[in-house]
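Structure record follows, encoded as structure tokens.
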DNA sequence: TGTATTTTTCTTGTCGACAAAAAGTCGGCA
DNA sequence: TGCCGACTTTTTGTCGACAAGAAAAATACA
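Residue numbers (this note's numbering), protein chains in the order written: chain A, 1182 to 1415; chain B, 1182 to 1415.
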């Protein structure tokens, strides 16, 4: 780490949040890969803070499941649990459906505009073939929808799931081609229209199909047979 | 607080968990009512610990939303958000359904036994007219079902929702009569049978009805018209 | 040379103290 | 008497240091 994070003095109380958010981002963006050890002393030097606020930030990350702390031993970035993937897909699909449904039912003044902003950003990322941008703008788009649904419990769980999804997708982002993302743009537009029309049933159906698409795509990445010798004639 | 919590020396690392769990229980059981201030110094004395581990426990509680911390100012037990109750009911109902469904689909060796243990405890609480016991054993029963469903995301959210529900119910526990709880015993038994038979559809329907019951009951408590002068002839 | 045991080192968990921020208090002034 | 500003007190956020536990290294022994 060659970057000296903050040289100027922090405002009292802002330290923990800064550390928390910075580490959170680095974990989700795989800048800190799963399994990598977290050294408190090192972070203390990096942020020019005592170990106490560092520790509080780590406790918050641990509560979110982003890091795992072995008592009295090391603390590491949580591994991606491939065995738990079916559970993950199930919950993700349910949240896609529920949030889109609720958005159609509950959206109010300004929600649509917020959703459109994110959709626009997603479109730009797609046309730029900016794969990492697609992953993160797609997340923002769906969170905007969730927020329009006005249920903080769903928003919170969905955010966690989408961020966990970002970690997984980052592993395979080189596998992205540009045909599926273009399809997503269209699906997003359909969902927005259904939400505007307050067509709950259609919103649900579209979200469900959309979720199946994404889950299917992730599945195909993971199970992709990358053996170069597979087609070898013997 | 006349209770001296722990006089003997703690095992290293066990301190935070102890404080966390103790406070968590006291918050959920309304022993620490919503809005009551949390004094770090006081807790430090009570648990015979430095303020550092106390603080880490508080950070965890804050991450769960059980306490609210005003930066540089006070930290208090979170208020029960009555305005957010519709969201709460919606999420609670969904989790009732999803967990019972999954339990019917995924339960394995030993799960049923664990569920029956909790159901037995609930029955005992009901026949003893132990209202507080009913509230907590009912929670344990449904968490046992959720665990049989094998989805950690749902288990986690459901646990949070049920515990938040315990706080609310405690406020009205004096309103409990013994007719509804007896009905719950029957409904629980039906749900168990559906799970054993792996009848997903029936499990879903029963859970849905059960959730409606409970939500309706809480609603009736909250909106109960307790004005003594209401029937006064004028 | 391989294994068991002790020693060292490193990291984490805990502590007491200090500093900053806010609330509360007191006195002055209109 | 009522309001405003400076001072005091209280509580939180941060710090540097120490102690315990575990891993790694070094040593002793078969």
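Even glycine gets a Cβ: it sits at the ideal position worked out from N, Cα and C.
Fair warning: this is a prediction, and the values are worked out from it, not measured in the lab.
I'd like to know whether the C-beta of residue i is nearer than 7 Å to at least one C-beta of chain B.
i: residue 1240 of chain A; result: yes
i: residue 1338 of chain A; result: yes
i: residue 1272 of chain A; result: yes
i: residue 1237 of chain A; result: yes
i: residue 1244 of chain A; result: yes
i: residue 1184 of chain A; result: For residue 1184 of chain A, the pLDDT reaches just 43, beneath the cut-off of 50, and the residue's location in the model is therefore unreliable, leaving the point undetermined.
Should residue i be labelled buried (16 or more other beta-carbon atoms within 10 Å of its own) or exposed?
i: residue 1259 of chain B; result: buried
i: residue 1239 of chain B; result: buried
i: residue 1281 of chain A; result: buried
i: residue 1272 of chain B; result: buried
i: residue 1185 of chain B; result: Residue confidence is low: residue 1185 of chain B scores 44 on pLDDT, short of 50, so the model does not pin down where it sits. Its coordinate-derived value is still stated next. Flag for residue 1185 of chain B reads exposed.
i: residue 1127 of chain A; result: Nothing can be reported for residue 1127 of chain A, as the shown portion of chain A is limited to 1182 through 1415.
i: residue 1322 of chain B; result: buried
i: residue 1326 of chain A; result: buried
i: residue 1317 of chain A; result: buried
i: residue 1396 of chain B; result: buried
i: residue 1360 of chain A; result: exposed
i: residue 1367 of chain B; result: exposed
i: residue 1289 of chain A; result: exposed
i: residue 1304 of chain A; result: buried
i: residue 1237 of chain B; result: buried
i: residue 1196 of chain B; result: buried
i: residue 1490 of chain B; result: Within the shown structure, residues of chain B are numbered from 1182 to 1415, placing residue 1490 of chain B beyond reach of any answer.
i: residue 1183 of chain B; result: Low per-residue confidence applies at residue 1183 of chain B: pLDDT is 41, beneath 50, and the placement is therefore not dependable enough to give any value.
i: residue 1400 of chain B; result: exposed
i: residue 1298 of chain A; result: exposed
i: residue 1219 of chain B; result: buried
i: residue 1253 of chain A; result: exposed
i: residue 1405 of chain A; result: exposed
i: residue 1213 of chain A; result: buried
i: residue 1232 of chain B; result: exposed
i: residue 1403 of chain A; result: exposed
i: residue 1193 of chain A; result: exposed
Per DSSP, which residues does residue i bridge with? Please list them.
i: residue 1234 of chain A; result: Residue 1234 of chain A is not bridged to any residue.
i: residue 1257 of chain A; result: A/1218 and A/1249
Output yes if chain A places a C-beta closer than 7 Å to the C-beta of residue i; else output no.
i: residue 1253 of chain B; result: yes
i: residue 1290 of chain B; result: no
i: residue 1327 of chain B; result: no
i: residue 1268 of chain B; result: yes
i: residue 1332 of chain B; result: yes
Is residue i close to the ligand FMN? I mean its beta-carbon at under 6 Å from any heavy atom of the ligand.
i: residue 1265 of chain B; result: No copy of the ligand FMN appears in this structure; indeed no ligand is present at all.
Strictly below 7 Å CB to CB, what residues from chain B border residue i?
i: residue 1335 of chain A; result: 1272
i: residue 1275 of chain A; result: 1279
For residue i, go through chain A and note every residue whose CB falls closer than 7 Å to its CB, in chain order.
i: residue 1233 of chain B; result: 1233
Check the Cβ of residue i against every Cβ in chain B and list those closer than 8 Å, keeping chain order.
i: residue 1265 of chain A; result: 1333
Please list, in chain order, the residues of the stretch 1188 to 1203 of chain A that have any C-beta partner in chain B closer than 7 Å. 1193 and 1194
Beta carbons nearer than 9 Å to chain A: which residues of the stretch 1342 to 1367 of chain B have them? 1342
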